[in-house]
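Under our numbering, think of the first position of the sequence shown as 3, with each following residue one higher.
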Amino acid sequence: MEGFTVHVSLPDSLHRFLMSQVAEGRCNSANEFIVDLLRAAQKAAASSRLDELVQEGLDSGMAPLTEQDWEELRRRLEERVRRESA
């Protein structure tokens, strides 16, 4: 993997945990385990941001219907009436 090297000092308990994850085959190396954790944190942060944006949208209330919205509603209704009449 091409990238950036970081040196991290771990307390003994975390070092033992990390090595146990490698020994148990949960990952192939300490590096892989840490990279996976960082990716999971990155994904969680993105998900959290998405949740914030969704909530912002919900809190902003309903948007007024545009002419295009009304046309789409009419089209769907006409299609439904045709299907049910057939």
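All C-beta atoms, glycine included, are put in the ideal place defined by N, C-alpha and C.
Nearest-angstrom beta carbon gap, Q23 and F35 [assumed within contact, 8 Å]: 5 Å
Helix, strand or coil at V37 [DSSP, three-state]: helix
Residues near S11 by beta carbon distance below 6 Å, same chain, minus five either side: none
Three-way DSSP call (helix, strand, coil) for V24 in this model: helix
Helix, strand or coil at E54 according to DSSP, with G and I counted as helix: helix
Coil, strand or helix - A42 by DSSP: helix
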